[in-house]
Amino acid sequence: MSMKLKTVNFPKMNIVTKVDEWLEVRHHLKDQSIGFVATMGHLHAGHMSLCNKAKKENEIVVVSIYVNPTQFNNEDDFTFYPRTKEADLAKLNRCGVDYVFIPETRALYPDDYHIQITEIEMAQALEGVLRPGHFTGMLTVVLKLLNLIQPACAYFGEKDYQQLLLIKKMAEALFLSTEIIACPTIRALNGLALSSRNSRLTSLELKRAPHFHRLLKSDQPIESIITELKQLGFKVDYIVEKWGRRLGAVWLGEVRLIDNVAL
Ligand code: AMP
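So for the sequence shown, our numbering puts the first residue at 485; every next one is plus one.
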């Protein structure tokens, strides 16, 4: 069965694009423990740290690559989201990932997105206010993926802290059998949190971007952090302390960056 899913370039890794095909694969995997990593592609060392952890802790690793349209509240962000499938597959292959699931929107949303998962408390803060509909789109697609993949463990980054808390809350509220595992934020040496969107920064913006994390983790009060960020040319959406973290969202030119540190 799985042989026909393997390609010449990646003889050990299976690439599955059809939901039906995946369900057949899943049936054959039976009770082997599956570690799952959901991504939107343009993979970097942050994503790969999740994959490596999944590889260590499970018999089978499944990674999805899907730029989910329902979680984008900004059309340009969706249009210009970097898509680098071949490079991504090469990285996943090197990591020893067993299955890459690359579903099509039509197959993932047979209901035309009429069924939605909405959290009504935590999702009303921070990112939920600034990106209306984002968390509903995200939770809906994560639930679909967890139901399809049926993993023992699913790995999510602390980089997207509010997202991580919401997924944990959903898993608990809906009695999902998957264990949600939090993974630390992977950063460049200069402190900048790795993100697929960083590749849209100009070289000048890339030089400025590390100040965001430097200030976020400093012991200055929030007001002076905001003032300094503005002086450095950032547009600040928020810097707040919540859920035991200091969280921030800023713009550098056309690119929105988020980050957080433990308090
Ligand atoms: P994305 O492709 O942006 O949807 O991210 C897929 C997963 O990778 C999410 O669980 C993210 O939180 C996680 N992730 C993204 N960037 C990082 C990073 N720098 N360090 C750790 N995890 C990350």
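Glycine included, every Cβ here is placed at the ideal spot set by N, Cα and C.
Values in this document were obtained by computation on a predicted structure and should not be read as measured data.
- Contact check for L658 against L627 passes: the beta carbons are separated by less than 9 Å.
- Measuring C-alpha to C-alpha distances from N552 to each of F564, Y583 and T589 identifies T589 as the nearest.
- Excluding five sequence positions before and after R567, the CB atoms of its chain that fall closer than 8 Å to its own CB belong to G525, H526 and V551, given in chain order.
- For K514, the secondary structure class from DSSP, reduced to helix, strand or coil, is coil.
- Within the chosen limit of 8 Å, ligand 1 does not reach the beta carbon of I604 with any heavy atom.
- The straight-line gap separating the alpha-carbon atoms of K569 and E541 is approximately 26 Å.
- When DSSP reads this structure, F640 sits in a beta bridge with A666.
- Taking 9 Å as the cut-off, the Cβ atoms of I544 and F585 do not count as close.
- Fully enclosed alpha helix (DSSP H) runs of no fewer than 4 residues occupy 611-614 and 618-633 of the segment 592-642, in order along the chain.
- Here the distance from the Cβ of R671 to the nearest heavy atom of ligand 1 is below 8 Å.
- The alpha-carbon of K652 is positioned some 34 Å away from that of E712.
- The continuous alpha helix (DSSP H) containing L713 extends over residues I706 to Q715.
- With fewer than 16 neighbouring CB atoms inside 10 Å of its own CB, L507 falls in the exposed class.
- DSSP, reduced to helix, strand and coil, places W727 outside both helices and strands of the structure shown, so it counts as coil.
- A residue is called buried when at least 16 other Cβ atoms come within 10 angstroms of its Cβ; N558 does not meet this threshold and is exposed.
- With a cut-off of 8 Å, the C-beta of T620 is classified as distant from ligand 1, since no heavy atom of the ligand falls inside that distance.
- In terms of side-chain proximity, the C-beta atom of G519 is found no nearer than 8 Å to any non-hydrogen atom of ligand 1.
- If you compare the alpha carbons of L649, D582 and A574 with that of I518, the shortest gap goes to D582.
- Secondary structure note for I586: it is in no beta strand (DSSP E), with a DSSP letter that is neither H nor E.
- Out of H528, A655, D572 and L700, the CA that lies nearest to the CA of N631 is found in A655.
- By the Cβ-count criterion, K719 is exposed, with fewer than 16 other Cβ atoms from all chains shown falling within 10 Å of its own Cβ.
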